[in-house]
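Everything below concerns the one structure shown next.
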């Protein structure tokens with residue numbers, strides 16, 4: 001509460017908004033990644049977010065990036081891949097049917113099709129206990145990583161890309177930013193690992209925080225055989241993309257970059273349970289809980305995070 005936050009305080013103070021914009025301009029002039037990270041902890045104005053993220057992620061697009069992206073596109077044209085069908089299905093089922101993102105279907109193809117062929121993505125396997133999938137050639141019995149990225153697209157995978165389309169209209173820049181975010185953060189949300197910011201660690205953190213913050217809700221649900229983590233797993237796995245409105249997702253992702261951690265996802269999940277506490281105590285079955293937590297679009301993430309972090313039970 002000591003520092004004002006983008007995502008709420010600019011609604012009540014024009015001077016705060018102007019101050020944050022001036023601070024953003026100063027940081028971009030200094031070209032300091034460390035300063036950009038500190039700035040993002042309090043959220044970033046929309047007009048500066050694209051540049052601030054690129055600065056922090058060290059993802060300023062070069063001619064080499066553009067050439068490499070063209071090389072990946074050439075690979076797409078030269079050879080079909082089984083993962084192409086998965087991506088097409090993903091875009092048709094998820095992106096094209098989402099009222100907040102359907103206009104970005106073409107951008108999604110331009111990111112995910114090259115992504116599956118990008119062998120540089122595999123570097124994230126160095127920090128996990130997971131290993132990339134492999135296929136065996138029937139003729140010589142040799143195995144090779146497939147797809148080249150080591151990542152098989154799954155249902156909802158496009159939700160890591162779609163919010164970024166509100167920030168970047170150049171496909172190369174969009175691709176470079178997405179790749180950096182995936183290698184640093186998103187891969188942890190769908191792989192088994194002992195990382196505290198991995199999907200399992202976030203689930204454990206959520207349950208511990210919920211039990212500490214909302215013991216009545218936690219034990220009420222458990223007494224009826226309801227596992228709270230069942231309802232938040234999909235939120236965590238997609239970093240809330242597709243569940244919150246895009247502006248709120250981007251404000252949340254500001255904090256992920258600012259604190260260089262995914263743990264804020266678990267904190268937000270607990271905050272939502274706290275916010276819906278009264279209704280959750282009235283239901284005694286999973287269907288009722290699902291209905292109460294079905295629509296997150298009205299929620300404002302900064303207020304919810306402050307509710308959990310800076311107020312007492």
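In full-length UniProt numbering, the protein residues as written are 1 to 313. Just so you know, even glycine gets a beta-carbon here, dropped at the ideal spot from N, CA and C.
Checklist entry - From what residue to what residue does the alpha helix (DSSP H) around residue 49 run? => result Here residue 49 corresponds to residue number 49 of the chain shown, with the count starting at 1. First-last of the alpha helix (DSSP H) with residue 49: 46–57.
Checklist entry - According to the Cβ coordinates, are residue 308 and residue 270 closer than 7 Å? => result Walking along the chain shown from the start, residue 308 turns up at place 308. Walking along the chain shown from the start, residue 270 turns up at place 270. With contacts defined as CB atoms closer than 7 Å, residue 308 and residue 270 qualify as a contacting pair.
Next on the checklist: For residue 1 and residue 131, what's the separation of their Cα atoms in angstroms?
Outcome noted: Taking the first residue of the chain shown as 1, we reach residue 1 at position 1. Taking the first residue of the chain shown as 1, we reach residue 131 at position 131. Residue confidence is low: residue 1 scores 42 on pLDDT, short of 50, so the model does not pin down where it sits. No coordinate-derived value is stated.
Checklist entry - Going along the chain, which residues of its own chain have a beta-carbon closer than 8 Å to the beta-carbon of residue 259, five neighbours each way excluded? => result In the chain shown, the residue the question calls residue 259 occupies position 259. Residues 41 of the same chain have their beta carbon placed closer than 8 Å to that of residue 259, with the five preceding and five following residues left out of the count.
Next on the checklist: Can you give me the C-alpha to C-alpha distance between residue 18 and residue 47, rounded to a whole angstrom?
Outcome noted: Stepping through the chain shown from its first residue, residue 18 is reached at position 18. Stepping through the chain shown from its first residue, residue 47 is reached at position 47. Between the alpha carbons of residue 18 and residue 47 lies a gap of roughly 12 Å.
Checklist entry - Could you give the distance in angstroms between the alpha-carbon of residue 279 and the alpha-carbon of residue 256? => result Locating residue 279 in the chain shown gives position 279, where the first residue counts as 1. Locating residue 256 in the chain shown gives position 256, where the first residue counts as 1. C-alpha of residue 279 to C-alpha of residue 256: approximately 29 Å in a straight line.
Item to check | Nearest candidate by alpha-carbon position, reference residue 185, set 274, 109 and 239 | outcome: The sequence position of residue 185 within the chain shown is 185, counting from 1. Residue nearest to residue 185 within the set 274, 109 and 239 is 239 (criterion: CA-CA distance).
Item to check | Every unbroken beta strand (DSSP E) within the segment 62–144, with a cutoff of 3 residues, ordered by chain | outcome: Correct list: 134–136.
Next on the checklist: In the DSSP output, which residue or residues are listed as bridge partners for residue 241?
Outcome noted: The residue labelled residue 241 in the question sits at position 241 within the chain shown. DSSP output for residue 241 lists 244 as bridge partner(s).
Checklist entry - Hey, does residue 231 have any beta-carbon neighbour from chain D nearer than 7 Å? => result Structure shown: chain D not included; a single protein chain is present.
Checklist entry - Does the beta-carbon distance from residue 153 to residue 83 come in below 7 Å? => result Here the question's residue 153 lines up with position 153 in the chain shown. Here the question's residue 83 lines up with position 83 in the chain shown. Going by C-beta atoms, residue 153 is nearer than 7 Å to residue 83.
Item to check | Distance, residue 222 Cα to residue 20 Cα | outcome: What you label residue 20 is simply residue 20 of the chain shown in a count that begins at 1. What you label residue 222 is simply residue 222 of the chain shown in a count that begins at 1. Spanning the two alpha carbons is a distance of roughly 44 Å.
Checklist entry - When the Cα atoms are used, what is the spatial distance from residue 294 to residue 62? => result Within the chain shown, residue 294 is the residue found at index 294, counting from 1. Within the chain shown, residue 62 is the residue found at index 62, counting from 1. Distance between the alpha carbons of residue 294 and residue 62: 42 Å.
Item to check | the segment 96–104 in contact with the segment 201–221 per 3-pair CB rule at 8 Å | outcome: Judged by Cβ distances under 8 Å, the segment 96–104 makes no contact with the segment 201–221, as fewer than three pairs qualify.
Checklist entry - Out of curiosity, what's the CA-to-CA distance linking residue 113 and residue 87? => result As a working mapping, residue 113 is identified with position 113 in the chain shown. As a working mapping, residue 87 is identified with position 87 in the chain shown. CA-CA distance, residue 113 to residue 87, rounds to 7 Å.
Item to check | Three-state secondary structure assigned by DSSP to residue 288 | outcome: Here the question's residue 288 lines up with position 288 in the chain shown. In this structure, residue 288 counts as helix in the three-state DSSP scheme.
Item to check | Residue from 125, 91, 98 and 16 with nearest C-alpha to residue 111 | outcome: By 1-based counting over the chain shown, the position of residue 111 is 111. Taking only the C-alpha atoms, the option nearest residue 111 is 91.
Checklist entry - How many angstroms separate the CA atom of residue 4 from the CA atom of residue 306? => result Looking up residue 4 in the chain shown gives position 4. Looking up residue 306 in the chain shown gives position 306. Between the alpha carbons of residue 4 and residue 306 lies a gap of roughly 11 Å.
Next on the checklist: Nearest by alpha-carbon distance to residue 232: which of 202, 217, 32 and 311 is it?
Outcome noted: Your numbering for residue 232 matches position 232 in the chain shown. For residue 232, the nearest C-alpha among the options comes from 202.
Item to check | Rounded Cβ spacing between residue 187 and residue 199 (contact assumed at less than 8 Å) | outcome: In the chain shown, the residue the question calls residue 187 occupies position 187. In the chain shown, the residue the question calls residue 199 occupies position 199. No, residue 187 and residue 199 are not in contact; Cβ-Cβ is about 10 Å, not under 8 Å.
Checklist entry - Do residue 149 and residue 176 have their C-beta atoms within less than 7 Å of each other? => result If you number the chain shown from 1, residue 149 lands on position 149. If you number the chain shown from 1, residue 176 lands on position 176. Their beta carbons are not under 7 Å apart, which means residue 149 does not touch residue 176 by this criterion.
Checklist entry - Roughly how many whole angstroms lie between the Cα atoms of residue 57 and residue 265? => result Within the chain shown, the letter at position 57 stands for residue 57. Within the chain shown, the letter at position 265 stands for residue 265. Rounded to the nearest angstrom, the two C-alpha atoms are 20 Å apart.
Checklist entry - Does the beta carbon of residue 300 fall short of 6 Å from some heavy atom of the ligand NAP? => result Judged by which ligands are present, the structure shown has none, so any question about the ligand NAP falls away.
Checklist entry - residue 124: buried (16+ other C-beta within 10 angstroms of its C-beta) or exposed? => result Within the chain shown, the letter at position 124 stands for residue 124. Residue 124 is buried by the Cβ-count criterion.
Checklist entry - How would you call residue 169, buried or exposed, if buried means at least 16 neighbouring beta carbons within 10 angstroms? => result Position 169 of the chain shown, counting from 1, holds the residue named residue 169. In this structure residue 169 is exposed. Its beta-carbon is surrounded by fewer than 16 other beta-carbon atoms within 10 angstroms.
Next on the checklist: Looking at the secondary structure, which residues open and close the alpha helix (DSSP H) in which residue 279 lies?
Outcome noted: Stepping through the chain shown from its first residue, residue 279 is reached at position 279. Counting along the chain, the alpha helix (DSSP H) containing residue 279 begins and ends at 277–280.
Checklist entry - To which residues of the same chain is residue 281 closer than 8 Å at the C-beta, ignoring the five residues directly before and after it? => result On the chain shown, residue 281 is found 281 positions in, with the first residue counted as 1. Only 216, 217 and 220 meet the Cβ criterion.
Next on the checklist: Judging by CA-CA distance, which residue of 173, 162 and 133 is the nearest neighbour of residue 70?
Outcome noted: Locating residue 70 in the chain shown gives position 70, counting from the first residue. When each option's Cα is compared against that of residue 70, the closest is 173.
Next on the checklist: Rounding to the nearest angstrom, what Cα-Cα distance links residue 81 and residue 263 in this structure?
Outcome noted: Looking up residue 81 in the chain shown gives position 81. Looking up residue 263 in the chain shown gives position 263. Between residue 81 and residue 263, the C-alpha separation is close to 35 Å.
Checklist entry - Near residue 237, which residues of its chain fall below 8 Å by C-beta distance, leaving aside the five closest residues on each side in sequence? => result The sequence position of residue 237 within the chain shown is 237, counting from 1. Residues of the same chain with a CB within less than 8 Å of the CB of residue 237, apart from the 5 flanking positions on each side, are 156, 189, 190 and 199 in chain order.
Checklist entry - With 16 other CB atoms within 10 Å as the buried threshold, where does residue 159 fall? => result To locate residue 159, count along the chain shown from 1; it is residue 159. By the neighbour-count rule (16 or more Cβ atoms within 10 Å), residue 159 is buried.
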